[in-house]
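For reference, the structure is listed below as C-alpha cells.
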Amino acid sequence: MEHKKFRLKVLILFLILFQAGLLCLFSQAPDSGQKLVGHWQGAIELPGMKLEILVDFKLSPDKKLEGLISIPVQKALDLRLTDIAVSEKEITFAIYGIPGNAVFKGQLDDSGAKISGRYTQSGQTFPFYLNKGEDPVAKAKNILTSLEETINKAMTELRVPGLALAVVNKKDVIFLQGYGLRDIDKKLPMTPDTLLAIGSTTKAFTTFALARLADEGKMNWDEPVRNYIPWFKLSDPVITERITPRDLVTHRSGLPRHDLLWYNNYRASREELVRRLAYLQFTADLRQKFQYNNLMFLTAGYLLEVLNGKTWEDSVRELVLEPLGMTRTNFSVSISQQDEDYAQPYLYRDGKIENIPFRQLTNMGPAGSINSTVREMANWVIVHLNSGKFGEKQLLPPASLEDLHLPYMPIAGTPVTTYISPASYALGWFVDYYRGHQRVYHGGNIDGFSALVSFLPQDGYGFVVLTNRNGSVLPDLLLQTITDKLLELEPVDWIGEAIKNQAQAEELGKKAGEKAAARRVAGTRPSHPLTDYAGTYFHPGYGELKVNLKDGKLSFTYNEITTPLEHWHYDTFNGLKSPDPVFEDTRLTFQTDPNGRVAAVTVPLEPAADEILFKKRPDERFYDPQFLKKLTGSYVLLNQASTVSLQGNTLTFYVPGQPLYELVPDLGDEFYLKQAPLIRVRFIFGPKGEVTGLETIQPNGVFEFKKMEKKEPDKK
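Below, the structure is given as C-alpha cells:
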C-alpha cells in the first residue's frame, strides 16, 4: 500500500512537472510572437528575380499572433496570413486563400531581426528572407511632418498662397495637412477640408463611371461611338465611323485641343458642343499621335449621359462619389462658394499674386469641373490603390480598374530628366516611371487653381495636392520630393532648382514679348474706316465673334469675353489688356471680298491648326421676318413681273419661266440666289425707307426692277 502511495506521489509530481513544462513551453509562444511583432520586408528569390514581399505581424487582443502580407509588384495588398506557428526560433505561416498551398517555413536568427527559410507553393520551393524594419507608416508620418518648413518656404518662393496635402498608404490615410491661406484678404487658413477646383483630374472620374457601365454591359470601350450616338459626326468621315470611347479618353482622336471653342462658353449645351466637332480641323489621323483634347472628354461625358439616362453630374455622383463617401465634392464653383470652407482663386501676374474671378465650367464638366477636398480625394486614391475596392465595396473588378491604368497612347518627347521615363496616356491618367517606380497621375489646372493626384501602385503610396494658384509647378515638385524621402531614394533638390530657375524664366518671357512686338510693321493704316470692321462674324464650330465700335475704338467679344483692340499693322488688330486677359496679344486679321467689303476675320485660336476663319454675317435685320415682309411684292422689268415672297423666314424670288430661287442674305445689303450664287439681288429704298425696286447684279450687267404699287381693292 505504501509502495502504491509512493508511486501515486511520483505520478502526481511528474504530472505537475509535465504541466509546468507545458506551461513553460507554451509561454514561449507569446514571447516569440512578441519578437515577431512589427514590419518585415524582404523577398522570395525566384529564378532570375527577387519578388519583394512585405509582412506585418501583430498580437490580437487575446495575444494570438496575426499577420498580413503584401506583394507590391502583383498589387496584392494586405493578404491575411493563416496557420501561424512559432516554436523557439522556427516560424511557419501560410497565405490565406492562395491556391497551391502557399507556405513559408523559416528560422529567426540570433539577432531576432532576420527570418530566412523556404517558400513552397504548388510543389515548388524557393528561398525567402525577411528583415525587420521600422514601421513604415510611423516612419512616413515623421517624414511628412518634418517637411512643413520646406513646404512653407517653397510656397513663399514659388508664390503659392495655399496648399492642401493628403498622403495615403495602401488602405489608410496617413497624412492630412493644410498650409498657407485659402483667402489672403481675410487671412483664412487652408485646411484638409477646404474645397478647391481639381481641374483635369476630373477626367479620371468620367472614365471610372464609364468603366462601371462597361462592366454592366452598357458599353464596349472598343465599339464605335456612333453605335451609341448615331448622329455623332466629325469633319473626317472615316474617323467618324471608326472612333471609339477608348479613343475619346486617350487623346488619340487626331483633333488638337480647340479649347477656346468652349472656354467661358456658358450658352452652348453639351450636346451642341459635341455637334460642333463636325466643323473642327484635324491635324493627325486617328491613333496617330497624342494630342490632349478636352472636347473629347466632354464627348465621353455626354456619352455617359446617353448610356445612363442621367446627367453627367448625377451619374458620377451615383457611380463614384456616393460609394466613396465624397459628400462635399461638387461640380460647380458656385456650390463651393456656398460652403463654409472654400479657397479663393489666385493668379501670379506682373510680379504679384492677384485674386481672380471664379470660372464656371458647367458644360465642360466631364473634362474638369469637380471641386473637392484632400480629405475626400484621399478616398478616391484608396480605391485605385486597392484594385477597385473601397472598404467592403468592390466598385470595379480588379481587371477593369487595371485597364484604366494601362498605357494606351505613347506621348512623343524626351523627358527633361533621366529620373523620369517617357510617359503614356491611359484612360484618364498619365503613366510613367519615376526613378524606376511605376507612377499613375494626372494634373489639373484651371483659373486660379492647380492640382495633382498621383499614386505608386507597386509601392502602395498615393498623394493629392491641391493649391489655389493658377499654373503652379509646386504640386509636381512637392510630390517628387516626398516620393524621394518616402522611398529612401538619393535626394534631388527639385524645389530649390525651380526657385533658382524662376527668375531666369520670367526674364526670358519678358524678352520674348519684346521681340514679338518688334515684328510690328510701322507706318501702316487700316484699309477701311473702322465702321466697316464692326459686325458679327461666324464659324460653324467656334460660333459667333462680335467686333464692336464705340467712341471711335474697336473691341471684340468672344464667349462673353470682351477685349479692346488696337491697330497693329495693315488690317491686323491686336488684343489689349483687359479684366479677363485670355485674348491679350491675340491678333485679328480682317479680309475683304472681291467687292472690297470686309468679309471675314482670321483669329489664331488653335496653335496646332490653321487660324480660325469667321465669316461676317449680313445685317441682322435681313433675318427679321418683319423686315423681310417689307421686301415682298411684284417687281417689273420690261413689262415682265417677277415676285418676291416670304416662305417662313426665307425670301424667294420667282422669275416667270425659271425655277423658284431662294434669296440668301449677304454683305452689302445684298442677297444671292442659293441656286445660282453668282447672281445677287439688292433692294432699293426711297427717302422714307420704303422699297422702290430691286437690282439683279449679274456677270453681264446690273438690271433694275421697279416695284409695283399695290392697288387698293375697289370698295364699290
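Going left to right, the sequence shown walks through residues 1 to 716 as this note's numbering numbers them.
Cβ coordinates follow ideal geometry from the N, Cα and C atoms, glycine included.
Span separating the alpha-carbon of residue i from that of residue j
{"i": "Gly718", "j": "Glu704", "result": "No information on residue 718 is available, as it lies outside the stretch 1 to 716 that the chain covers here."}
{"i": "Pro357", "j": "Pro345", "result": "7 Å"}
{"i": "Gln360", "j": "Ala154", "result": "29 Å"}
{"i": "Glu690", "j": "Arg680", "result": "20 Å"}
{"i": "Glu313", "j": "Leu479", "result": "30 Å"}
{"i": "Pro398", "j": "Ile71", "result": "15 Å"}
{"i": "Ala343", "j": "Asn468", "result": "6 Å"}
{"i": "Asp247", "j": "Ala518", "result": "42 Å"}
{"i": "Val702", "j": "Leu637", "result": "12 Å"}
{"i": "Thr632", "j": "Gln626", "result": "11 Å"}
{"i": "Tyr129", "j": "Glu488", "result": "21 Å"}
{"i": "Leu68", "j": "Tyr434", "result": "27 Å"}
{"i": "Asp580", "j": "Glu606", "result": "19 Å"}
{"i": "Pro529", "j": "Glu354", "result": "38 Å"}
{"i": "Glu318", "j": "Lys186", "result": "36 Å"}
{"i": "Leu22", "j": "Lys171", "result": "Residue placement at Leu22 is poorly supported in this model, since its pLDDT is 32, which falls under 50; the coordinates still yield a value, given next. About 40 Å."}
{"i": "Thr240", "j": "Leu628", "result": "39 Å"}
{"i": "Ser122", "j": "Gly42", "result": "21 Å"}
{"i": "Gln647", "j": "Thr557", "result": "33 Å"}
{"i": "Ile446", "j": "Gly471", "result": "8 Å"}
{"i": "Leu486", "j": "Ala140", "result": "6 Å"}
{"i": "Thr563", "j": "Phe583", "result": "7 Å"}
Buried/exposed call for residue i, threshold 16 Cβ in 10 Å
{"i": "Val274", "result": "buried"}
{"i": "Lys203", "result": "buried"}
{"i": "Ala512", "result": "exposed"}
{"i": "Asp109", "result": "exposed"}
{"i": "Ser269", "result": "exposed"}
{"i": "Leu406", "result": "exposed"}
{"i": "Trp568", "result": "buried"}
{"i": "Met190", "result": "buried"}
{"i": "Lys707", "result": "buried"}
{"i": "Asn152", "result": "exposed"}
{"i": "Pro699", "result": "exposed"}
{"i": "Met326", "result": "buried"}
{"i": "Cys24", "result": "Residue placement at Cys24 is poorly supported in this model, since its pLDDT is 33, which falls under 50; the coordinates are not used for a value here."}
{"i": "Leu277", "result": "buried"}
{"i": "Gln28", "result": "Any reading at Gln28 is ruled out, since the residue's pLDDT is 36, under 50, leaving its predicted position unreliable."}
{"i": "Tyr537", "result": "buried"}
{"i": "Glu376", "result": "buried"}
{"i": "Glu670", "result": "buried"}
{"i": "Val55", "result": "buried"}
{"i": "Ala211", "result": "buried"}
{"i": "Asn639", "result": "exposed"}
{"i": "Leu431", "result": "Residue identity differs from the one stated: residue 431 is Val in this sequence, not Leu. Buried is the call here."}
{"i": "Pro656", "result": "exposed"}
{"i": "Leu678", "result": "exposed"}
{"i": "Leu660", "result": "exposed"}
C-beta contact flag for residue i and residue j at 7 Å
{"i": "Gly199", "j": "Gly428", "result": "no"}
{"i": "Ile411", "j": "Ala426", "result": "no"}
{"i": "Leu385", "j": "Gly462", "result": "yes"}
{"i": "Gln724", "j": "Leu165", "result": "There is no way to answer for residue 724, as the model of the chain reaches only from 1 to 716."}
{"i": "Ala85", "j": "Thr92", "result": "yes"}
{"i": "Pro161", "j": "Gly133", "result": "no"}
{"i": "Val781", "j": "Val464", "result": "No answer is possible for residue 781: the residues shown for the chain start at 1 and end at 716."}
{"i": "Ser454", "j": "Tyr441", "result": "yes"}
{"i": "Ala608", "j": "Thr201", "result": "no"}
{"i": "Val601", "j": "Leu588", "result": "yes"}
{"i": "Ala378", "j": "Val168", "result": "yes"}
{"i": "Leu667", "j": "Leu651", "result": "no"}
{"i": "Val137", "j": "Ile174", "result": "yes"}
{"i": "Thr744", "j": "Gly301", "result": "A query on residue 744 cannot be resolved here, the shown segment of the chain reaching from 1 to 716 and no further."}
{"i": "Val473", "j": "Ala498", "result": "yes"}
{"i": "Leu304", "j": "Ala214", "result": "no"}
Residue-chain proximity (residue i, chain D), Cβ-Cβ < 7 Å
{"i": "Thr299", "result": "You won't find chain D in this structure, because it holds only one protein chain."}
Those residues which DSSP pairs with residue i across a bridge
{"i": "Val274", "result": "According to DSSP, which records beta bridges pairwise, Val274 is partnered with nothing at all."}
{"i": "Met190", "result": "None; Met190 has no bridge partner."}
{"i": "Tyr542", "result": "Tyr542 pairs with nothing; no bridge assigned."}
{"i": "Gln197", "result": "Looking at the sequence itself, residue 197 is Ala, so the reference to Gln does not match. Partner(s): Asn371."}
{"i": "Ile69", "result": "Val55, Leu79"}
Review point. With a cut-off of 8 Å, do at least 3 Cβ pairs link the stretch 254-268 to the stretch 307-319?
Key: no
Check your understanding: Below 8 Å, can you find three or more Cβ-Cβ pairs linking the stretch 537-547 to the stretch 609-623?
Key -> Yes, the stretch 537-547 is in contact with the stretch 609-623.
Check your understanding: How do the stretch 449-463 and the stretch 70-85 stand: do at least 3 beta-carbon pairs fall below 8 Å, yes or no?
Key -> yes
Practice item. Mind the definition here: the stretch 289-305 touches the stretch 363-382 only if three or more C-beta pairs lie below 8 Å; say whether that holds. Key: yes
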